[in-house]
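**Q** Chains as they are written, first to last, in this note's numbering: chain A, 4 to 164; chain B, 4 to 164; chain C, 4 to 164.
Below you'll find the structure I mean.
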Amino acid sequence: MQIVNRSIELETATGIEIYDITPQIKAIVKETGIQNGQALIFSRHTTTALAINEFEPRLMDDLKVYLRKLAPETGSYKHNDLHLRPNIPPDEPMNAHSHLMAMTLSTSEVIPIANGKLALGTYQSVMLFELDGPRKRSVFCQMWGEFKERRQLGVEQWRGR
Amino acid sequence: MQIVNRSIELETATGIEIYDITPQIKAIVKETGIQNGQALIFSRHTTTALAINEFEPRLMDDLKVYLRKLAPETGSYKHNDLHLRPNIPPDEPMNAHSHLMAMTLSTSEVIPIANGKLALGTYQSVMLFELDGPRKRSVFCQMWGEFKERRQLGVEQWRGR
Amino acid sequence: MQIVNRSIELETATGIEIYDITPQIKAIVKETGIQNGQALIFSRHTTTALAINEFEPRLMDDLKVYLRKLAPETGSYKHNDLHLRPNIPPDEPMNAHSHLMAMTLSTSEVIPIANGKLALGTYQSVMLFELDGPRKRSVFCQMWGEFKERRQLGVEQWRGR
């Protein structure tokens, strides 16, 4: 049993955009040689989120409409009264809706790995939601379990809390 | 420390239905003899989902009303314009609402196991949501941690990605 | 590799309230000496929930408005027809909205730990949502991975199912 840390880096588009990060996760499965165990996928931002579902382009359009109906960008939010919040940077965005959308979706997802493969169903993809782009984003991907051979732990320079 | 894979199979009812799968998970805890560790419960479909809450029949009715208010079946969705989507099977359903409901709920849930028992609270049940039935459905259940004795890894025939 | 169980206990305020439990989780990371692995945070009640996001006071106000819009306390719910439910305690609350909010948020969150620290992003906090207070509440916190030294498993008296 061992633990291997990796991260997936993305530069995102403006506003709300959805990315299929399954190829990157599959590449990490292959590179690390993990055979059995789990992939923990963790969104490290408060205006990104995760979901596992069908990455069908027209459904992605529906999803954006859905999220905007739940938390309209033009709604009235206390978080967006920037002049009433202490110690905020000069480029602080008005993004309360992005936070609310993120909490409606997920921050952590755990995917079982069996026989060297993610045990995803036929139509399942792991999706990263950019909810306040454009930005540089990072997704933590921790693999643990039984590997073909000993691997470096990885991401030694990680800044955590 | 070891990993054991199992799956829970269900044949679901029409439309939206909610199933308490706690008894099946408890049976796997008992059968595998896991003492301490975790149960990873993973929904392997894009129109099923998981939640952990009180499985009270009248609350289940409220929950269906709630989900249908969030994502009405009769709404206008691009995903349901089947004639505009390439390479879909002839029996492709119009189920955009089911996908949206699924992403509002969960795909993966991790439950701690302590002293040979799921550390669920008194009123907590693990529920599988069928959001586009009827279908044959499968829930991945991966147990890992300390077991009473060595167990087979299990689910060797698993088709993953 | 080892597993260590801890719990976080809170006495909550009336109605809906949101608590930043990151300091308690960080204290458990430090106390147990975990270096690499994961923290599984598990809400053990059906009217509490978890989310990982920015704990900004004005955003917390927006979040309460958001949850109350999704599942209004004054809505009509079958779960609240207490006289139609068998075997309920005399102090059973009318809290269908609390359950619906909880399922919109999360029950389990898994946080990677690297180099002795939670791999949380700069603005991320782990939040416990009290959705039907005031109550005594308990959050399960299971750490597993590589520790500086051997620790007791902990929470031996845990009542599970």
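Here a beta-carbon is modelled for each residue, glycine too, at the ideal position from N, C-alpha and C.
Give the residues of chain B in contact with methionine 106 of chain A, contact being defined as C-beta atoms less than 7 Å apart.
**A** By Cβ distance, chain B contributes nothing, its closest Cβ being about 11 Å from methionine 106 of chain A, past 7 Å.
**Q** Between which two residues does the beta strand (DSSP E) containing leucine 103 of chain A stretch?
**A** Not the beta strand (DSSP E): leucine 103 of chain A falls in the alpha helix (DSSP H), residues 99 to 107.
**Q** Could you give the residue range of the alpha helix (DSSP H) that holds isoleucine 24 of chain A?
**A** Segment: none, isoleucine 24 of chain A is in no alpha helix (DSSP H) and carries neither H nor E.
**Q** Work out the CA separation of glycine 148 of chain C and methionine 4 of chain A for me, nearest whole Å.
**A** Between methionine 4 of chain A and glycine 148 of chain C, the C-alpha separation is close to 10 Å.
**Q** Who are the near neighbours of glutamate 152 of chain B in its chain, counting only those whose CB is closer than 8 Å to its CB and skipping five residues on each side?
**A** The residues are Gly36.
**Q** Leucine 53 of chain C and valine 158 of chain C look like a contact to me (Cβ under 8 Å); what is the Cβ gap, rounded to whole Å?
**A** Rounded, the Cβ-Cβ distance is 18 Å, inconsistent with contact.
**Q** Mapping the DSSP letters down to three states, classify asparagine 90 of chain A as helix, strand or coil.
**A** Here asparagine 90 of chain A sits in coil by DSSP.
**Q** Against histidine 86 of chain B, what residues of chain A qualify as contacts under a CB-to-CB distance less than 7 Å, listed in chain order?
**A** In chain order: nothing, as chain A lies at least about 11 Å away.
**Q** Which of the three DSSP states is assigned to alanine 117 of chain B in this structure?
**A** If DSSP states are grouped into helix, strand and coil, alanine 117 of chain B belongs with the strands.
**Q** Closer than 7 Å by C-beta to asparagine 83 of chain C: which residues in its own chain qualify, once you throw out the five before and the five after it? Chain order, please.
**A** So the qualifying residues of the chain are Met97, Ala99.
**Q** Pop quiz: threonine 15 of chain C and proline 137 of chain C are said to be a contact at Cβ under 8 Å. What is the actual Cβ separation, rounded to whole angstroms?
**A** That belief holds up - the Cβ atoms of threonine 15 of chain C and proline 137 of chain C are roughly 5 Å apart, short of 8 Å.
**Q** Residues bridged to aspartate 11 of chain A by DSSP?
**A** According to the sequence as given, residue 11 of chain A is isoleucine; it is not aspartate. Beta-bridge pairing links isoleucine 11 of chain A to A:Val142.
**Q** Against chain B, with Cβ distances strictly below 9 Å, would aspartate 64 of chain A count as a contact?
**A** So yes, aspartate 64 of chain A belongs to the interface.
**Q** Going along chain A in order, which residues have a C-beta closer than 7 Å to the C-beta of asparagine 8 of chain C?
**A** Result: empty, since nearest Cβ-Cβ is about 18 Å, beyond 7 Å.
**Q** Can you tell me which of the three DSSP states alanine 122 of chain B falls into?
**A** If DSSP states are grouped into helix, strand and coil, alanine 122 of chain B belongs with coil.
**Q** Beta carbon of serine 111 of chain A, beta carbon of phenylalanine 45 of chain A: below 9 Å?
**A** Their beta carbons are under 9 Å apart, which means serine 111 of chain A touches phenylalanine 45 of chain A by this criterion.
**Q** If we ignore side chains and look at the alpha-carbon of each, how far apart do valine 32 of chain C and leucine 121 of chain C end up?
**A** Spanning the two alpha carbons is a distance of roughly 8 Å.
**Q** In this structure, what does DSSP give as the bridge partners for methionine 130 of chain B?
**A** Answer is B:Asp23, B:Ala54.
**Q** Give every residue of the same chain whose Cβ lies closer than 6 Å to the Cβ of valine 7 of chain A, excluding the five residues on either side of it in the sequence, and list them in chain order.
**A** Once the five neighbours on either side are set aside, the close Cβ partners of valine 7 of chain A are Thr35, Met146, Arg154, Gly157.
**Q** Select from C:Ser10, C:Thr49, C:Glu20 the residue whose C-alpha is nearest the C-alpha of alanine 42 of chain C.
**A** Nearest of C:Ser10, C:Thr49, C:Glu20 to alanine 42 of chain C, Cα basis: C:Ser10.
**Q** State the CB to CB distance for the pair methionine 106 of chain C and asparagine 56 of chain B, rounded to an integer number of angstroms; the pair is presumed to be in contact (CB under 8 Å).
**A** About 5 Å; that satisfies the 8 Å criterion.
**Q** Run the CB neighbour count on alanine 117 of chain C, radius 10 Å, all protein chains shown included, and call it buried at 16 or more, exposed below.
**A** It counts as buried.
**Q** I believe arginine 47 of chain A touches phenylalanine 143 of chain A by the beta-carbon criterion, under 8 Å. Please report the beta-carbon distance rounded to the nearest angstrom.
**A** Confirmed, about 6 Å.
**Q** Nearest chain C C-beta to phenylalanine 128 of chain A closer than 9 Å, yes or no?
**A** Note that residue 128 of chain A corresponds to serine in the displayed sequence, not to phenylalanine. No, its Cβ sits nowhere closer than 9 Å to a Cβ of chain C.
**Q** Taking tyrosine 126 of chain A as the reference, which of A:Leu13, A:Thr49, A:Asp23 has the closest Cα?
**A** Among A:Leu13, A:Thr49, A:Asp23, the Cα nearest to that of tyrosine 126 of chain A belongs to A:Asp23.
**Q** Sort C:Asp64, C:Leu13, C:Met104, C:Pro60 by Cα distance to glycine 78 of chain C and report the nearest one.
**A** Residue C:Met104 is the option with its Cα nearest to glycine 78 of chain C.
**Q** If you measure beta-carbon to beta-carbon, which residues of the region 10 to 29 of chain C are closer than 8 Å to chain B?
**A** Listed in sequence order: no entries.
**Q** In chain order, what residues of the same chain lie with their CB nearer than 6 Å to the CB of glutamate 95 of chain B, ignoring the 5 residues before and after it?
**A** Excluding positions up to five away in sequence, the list reads Leu85.
**Q** So, using beta-carbon positions, are tyrosine 69 of chain B and alanine 74 of chain C closer together than 9 Å?
**A** Yes, Cβ-Cβ distance for tyrosine 69 of chain B and alanine 74 of chain C is below 9 Å.
**Q** What is the residue span of the beta strand (DSSP E) that leucine 43 of chain C lies within?
**A** Residues 37 to 46.
**Q** Let me know the secondary structure DSSP gives leucine 76 of chain B once reduced to three states.
**A** Per the sequence shown, residue 76 of chain B should be read as glutamate rather than leucine. The answer is coil: DSSP assigns glutamate 76 of chain B none of H, G, I, E or B.
**Q** Determine, using beta carbons only, whether arginine 47 of chain C comes closer than 9 Å to chain A.
**A** Not one chain A Cβ lies under 9 Å of arginine 47 of chain C.
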